[in-house]
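Novice:
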Ligand SMILES: Cc1cc2nc3c(=O)[nH]c(=O)nc-3n(C[C@H](O)[C@H](O)[C@H](O)COP(=O)(O)OP(=O)(O)OC[C@H]3O[C@@H](n4cnc5c(N)ncnc54)[C@H](O)[C@@H]3O)c2cc1C
Ligand code: FES
C-alpha cells in the first residue's frame, strides 16, 4: 500500500516545506462530545493533499491567524485517502476559536511532525489498544490502519474509557463500525454512568486489570491523560507485558514541532522529533518529567 494520503501522481507540485502552514478548508465537522469536535479538512492546493504522506502517530500544527496554533494528532488513517481528520478538545484560546468554525472555513496546517507508531513491533501480533478520553484520537488513526490492513496484523482488542457516556469520542465507530467487526473486541468503561448506561463503570487501569489480557504474542498501544498512562503502565507490568512491547504517545507542550525551540524536551530527547511515540522501555530510560 502506498503511504500517501491520496491516489494519483502530482507532477507539477513542489514538495511543501513542513515549516510552512498550508491553507486547508474544513469539509466536515462532527460533534463527538460536548467539548470535542472532529474536523475533516482538505488542502486548498489538491497537490498538497495528494502528496501529504504520514503514518499513524504523527501530528500537525494547526493555526488560525489571531488565535494561535496547537499541535494536534492526525486521527484519520493514511489508508483513507484524500483528506485529514483532527479531533480537538476545547481547552483554551486556539481550540475554542477552532470550535467556532464551520464547513467552508479555512485553517493553516503544517506538518506532519514526530515519529509514528512502530509498525514492525505490531505486525503478525495481537494488538491491545488502551485509551482514555481524547487519547483515542491518535489511536483511532492506527486502529483504522490495522483494520484496513488486517492481513498484516492479528486480532484487535480495544479497552477505552471516558469520564461519562457522553464523553466517549468516535461513538459511530465504537458502537457501529468497529463493534460490527468479528476480529475486533471492544471493552468500554466510564468513570460515572448515567440512566442510559448499561456498560462497565470504573477507571481504565482497573478495568484492564479486571480483564487481565494475556501478554503472550501481544503488543499494547496506549494513550490518554498522563495519570491514566501511569497506572496503565503499572497494570501492564503487573500482568507481565514486557516494556519493549508497550507503546505510548506523549503530549508535552510544543511550539515549533521541529526540534528548534527546546520547549518539549525530556532529558536529552525532544518529544516533537524523537517522539511523541515511545515504548515503555524507552520511557524508563528518561527522567520522569512527562
Ligand atoms: C504531540 C501532541 C499531540 C496532541 N494531540 C491532540 C489531539 O489530537 N487533540 C487535542 O485536542 N489535543 C491534542 N494535543 C493537545 C493540544 O496541543 C493542546 O490542548 C492545545 O495546544 C491547547 O491550545 P489552546 O490554545 O486551546 O490552549 P491554551 O490557551 O494554550 O491553554 C489552555 C490550557 O491547556 C494547557 N495546554 C496547552 N497546551 C497543552 C499541551 N500541549 N498539552 C497539555 N496541556 C496543554 C494550558 O496549560 C492551559 O491549562 C496534543 C499535543 C501534543 C503535544
Ligand atoms: S516543540 Fe520545539 S523543540 Fe520540540
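Numbering (our numbering), first residue to last: 4 to 293.
For glycine and all other residues, C-beta sits at the position ideal for the given N, C-alpha and C.
Because the structure is a prediction, the values reported are computed rather than measured.
1. Could you give the DSSP three-state label for residue 288: helix, strand or coil?
2. Could you have a look at residue 277 and say whether DSSP puts it in helix, strand or coil?
3. Take residue 183 as the anchor and find which of 150, 204, 90 has the nearest alpha-carbon.
4. Let me know if residue 39 comes out buried or exposed under the rule of 16 or more other beta-carbons within 10 Å of its beta-carbon.
5. Please list, in chain order, all residues with a C-beta atom less than 7 Å from at least one heavy atom of ligand 2.
6. Flag this pair as touching only if the segment 92 to 100 and the segment 55 to 64 have three or more C-beta atom pairs under 8 Å; answer yes or no.
7. Indicate, with yes or no, if ligand 1 has a heavy atom lying under 7 Å from the CB of residue 120.
8. Specify the secondary structure class of residue 124 as computed by DSSP and reduced to three states.
9. Look up residue 102 in the DSSP assignment and say whether it is helix, strand or coil.
10. Helix, strand or coil: which one does DSSP assign to residue 8?
11. Under 8 Å by Cβ, that's how I've got residue 123 and residue 252 pegged, so tell me the actual separation to the nearest angstrom.
12. If you draw a straight line from the alpha carbon of residue 264 to that of residue 210, how long is it in whole angstroms?
13. Just curious, the alpha helix (DSSP H) that residue 143 is in, first and last residue?
14. Quick one: what does DSSP say residue 228 is sitting in, helix, strand or coil?
15. For the candidate residues 102, 249, 28, whose alpha-carbon lies nearest to that of residue 70?
16. Rounded to whole angstroms, what's the CA-CA distance from residue 238 to residue 208? Just pull it up for me.
17. Helix, strand or coil for residue 95? Go by DSSP, reduced to three states.
18. Please report the straight-line C-alpha distance between residue 200 and residue 51, rounded to a whole angstrom.
19. Less than 7 Å separating the Cβ of residue 279 from some heavy atom of ligand 1?
20. Rounded to the nearest angstrom, what separates residue 175 and residue 163 at their Cα positions?
Specialist: Quick answer:
1. coil
2. helix
3. 150
4. buried
5. The set of residues with any CB-heavy atom separation to ligand 2 below 7 Å comprises, in chain order, 257, 258, 259, 260, 261, 262, 263, 264, 265, 266, 267, 268, 273, 274, 275, 276.
6. no
7. no
8. DSSP places residue 124 in helix when its eight states are reduced to three.
9. The answer is helix: DSSP assigns residue 102 an H, G or I state.
10. Note that residue 8 scores 41 on pLDDT, short of 50, meaning its location in the model is unreliable; the coordinates nonetheless yield the value given after this. Residue 8: coil per DSSP, three-state reduction.
11. So it is not a contact: roughly 17 Å between Cβ atoms.
12. 39 Å
13. Counting along the chain, the alpha helix (DSSP H) containing residue 143 begins and ends at 139 to 151.
14. Taken through DSSP and simplified to helix, strand or coil, residue 228 comes out as coil.
15. Nearest option by C-alpha distance: 102.
16. In this model, residue 238 and residue 208 are separated by some 6 Å (Cα to Cα).
17. coil
18. About 43 Å.
19. yes
20. 14 Å
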